[in-house]
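Last residue of the sequence shown: 478 (the working numbering), numbering continuous. Heads up: the structure comes next, in structure tokens.
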Amino acid sequence: MATVGLFLLIAVQFLAYSVPENFQERKGEPVFTAYIKDSIPVTVDLIYDTDSLPDRYYAYIESPVCEDGVCYDLKFHLYWDLLGNFIEYKEVASDPFTKFEHDLFTAEDHIKLQKILADKTSPLANYAPLDLIDKNNSVYSSVIDGMAGATYPALKDEVVQGAVYSTHTLWNIVNGTIASKIENHTTNVQNEELFVKMIRSNRYALQMYGMRHIAQDAEEYPNLLVSLIKNGQEYVPFFAIAKLTPHMWADTQIQSQLIGLLDSKNFEMQNEILNGLSSTKLVSGSVTRLLDKLSALKESQYKKLSSIISGSTSALTKEDIIHLKKVSESNIKFAPYARKLVEDTKN
Numbered sequence: 132m133a134t135v136g137l138f139l140l141i142a143v144q145f146l147a148y149s150v151p152e153n154f155q156e157r158k159g160e161p162v163f164t165a166y167i168k169d170s171i172p173v174t175v176d177l178i179y180d181t182d183s184l185p186d187r188y189y190a191y192i193e194s195p196v197c198e199d200g201v202c203y204d205l206k207f208h209l210y211w212d213l214l215g216n217f218i219e220y221k222e223v224a225s226d227p228f229t230k231f232e233h234d235l236f237t238a239e240d241h242i243k244l245q246k247i248l249a250d251k252t253s254p255l256a257n258y259a260p261l262d263l264i265d266k267n268n269s270v271y272s273s274v275i276d277g278m279a280g281a282t283y284p285a286l287k288d289e290v291v292q293g294a295v296y297s298t299h300t301l302w303n304i305v306n307g308t309i310a311s312k313i314e315n316h317t318t319n320v321q322n323e324e325l326f327v328k329m330i331r332s333n334r335y336a337l338q339m340y341g342m343r344h345i346a347q348d349a350e351e352y353p354n355l356l357v358s359l360i361k362n363g364q365e366y367v368p369f370f371a372i373a374k375l376t377p378h379m380w381a382d383t384q385i386q387s388q389l390i391g392l393l394d395s396k397n398f399e400m401q402n403e404i405l406n407g408l409s410s411t412k413l414v415s416g417s418v419t420r421l422l423d424k425l426s427a428l429k430e431s432q433y434k435k436l437s438s439i440i441s442g443s444t445s446a447l448t449k450e451d452i453i454h455l456k457k458v459s460e461s462n463i464k465f466a467p468y469a470r471k472l473v474e475d476t477k478n
């Protein structure tokens, strides 16, 4: 009899936390089941793009949250990227997120919550829900007709005010077991096409992962590195430029593309590009392209630029020399360097 009761309990629980049948956004295929709160099953789907490549993971989730004697269900649709990083959540229209006193989340609350959920290093990983509340500092709640604990001041930036338990529950669902399983599943389905897709994404973690795993003898490899130097997130451009080989630096197309980036990159990346050019011979036309970018460079970079051009005087075209002479006769601060370079071409 006890066994039958247990079976019924599990069946009821499973049905209670299944995806609503009328939900239309679920376009992927189920790839694994994970458990939250130790016993609540969650089916995770892998959604594909129009090229039939893995794009993101999705799950519909209902999770109980209990605080100060009041329990309610959090219901939401959740999306992760291919490495288990948070992308977004979508509320269930009939059950929007609420906080203390049943107030609805404001736009600012949602922005803050998304930022919290995207932070895998959040202190929430190290706290149990009850540890977030200062029971010695209480506020009155009409919902429970009594006093409820307030958030510790040191943790206020880590939670949505008035939704401490919900924030904690959401963060642990987003960044817990499911995220780890997602990364493992992607490892099992990854290939060169997927690495290229990751590199061309606008997400730091995906760009780094794709760059580190794609075969260096892939035909697209050099151009993909240049695209990361141009469009990479955060520190990705610096990792990408460090992977350029001497052979790549000597390539006409790559030199042209990198020189073309000088007026759109910050001082640090400009120096990385100049350092790379200083270790190779400039190809035909590169000097003219460099001189066209003078206005984007700082005076402290002129000596290095002059050295780069000086190391390739034997390869200067007629157009390069004409351009140099024009600069040497101007009143810009690079003119003295240009005059010296013009003299060197005569020797």
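Using N, Cα and C, we set each Cβ at its ideal position, and we do this for glycine too. This one's a predicted model, so the numbers in the text were calculated from it and none came from an experiment.
Counted within 10 angstroms of its Cβ, other Cβ atoms place residue i as buried (16 or more) or exposed
i	result
GLU350	exposed
ALA336	buried
PRO353	buried
LEU261	exposed
ILE453	exposed
GLN386	buried
Contact under 9 Å by Cβ, residue i with residue j
i	j	result
GLY341	LEU325	yes
ASP204	GLU193	yes
PHE465	VAL473	no
VAL162	ILE309	no
THR300	VAL223	no
GLN401	GLN432	yes
LEU209	VAL320	no
LYS412	ALA381	yes
ILE242	THR298	no
VAL414	THR383	yes
ALA427	LEU393	yes
PHE369	GLU399	yes
Cβ neighbours of residue i in the same chain (closer than 8 Å, five flanking residues each side left out)
i	result
ILE390	ILE404, LEU408, SER417, ARG420, LEU421, LYS424
LEU235	PRO227, PHE228, THR229
PRO254	LEU286, GLU289
GLN245	PHE217, GLU219, TYR220
LYS434	TYR468
GLN338	MET329, ILE330, SER332, LEU359, GLY363, GLN364, VAL367
ARG334	ASP212, ASN216, GLN364
MET379	PRO353, LEU356, ILE385
TYR166	PRO172, VAL173, THR308
ASN257	none
C-alpha distance - residue i paired with residue j, whole-angstrom precision
i	j	result
GLY442	ASP451	14 Å
VAL327	HIS233	46 Å
THR252	ILE313	18 Å
PHE231	GLY215	30 Å
ALA259	TYR296	10 Å
ASN462	THR476	21 Å
VAL367	ALA294	35 Å
VAL270	VAL291	Low confidence applies to VAL270: its pLDDT is 49, below 50, so where it sits in the model is not reliable, and the reading given next is rough at best. Computed Cα separation, rounded: 16 Å.
LEU455	ALA446	14 Å
ASN397	TYR191	42 Å
PRO377	ILE439	15 Å
LYS168	LEU184	31 Å
ASN315	ILE171	21 Å
THR237	CYS202	21 Å
GLN347	GLU460	45 Å
GLY307	ASP182	30 Å
SER395	ASN406	17 Å
LYS471	ASP250	53 Å
THR164	SER410	53 Å
Own chain partners of residue i with C-beta closer than 6 Å, once the 5 adjacent residues on each side are dropped
i	result
SER437	TYR468
THR317	LEU213
ILE345	PHE326
LYS206	GLU193, VAL223, ASP226
THR448	SER415
ASP240	VAL291
Residues near residue i in its chain [Cβ-Cβ closer than 7 Å; skip 5 each side]
i	result
GLY159	ASP176, LEU177, ILE178, TYR179, TYR189
ALA371	MET342, LEU356, LEU359, ILE360, GLY363
ALA373	none
SER311	GLY215
TRP302	ILE247, LEU248, SER253, LEU255
Any non-hydrogen atom of the ligand ZN within 8 Å of residue i CB
i	result
PHE207	What this structure holds is no ligand at all, so the ligand ZN is not there to describe.
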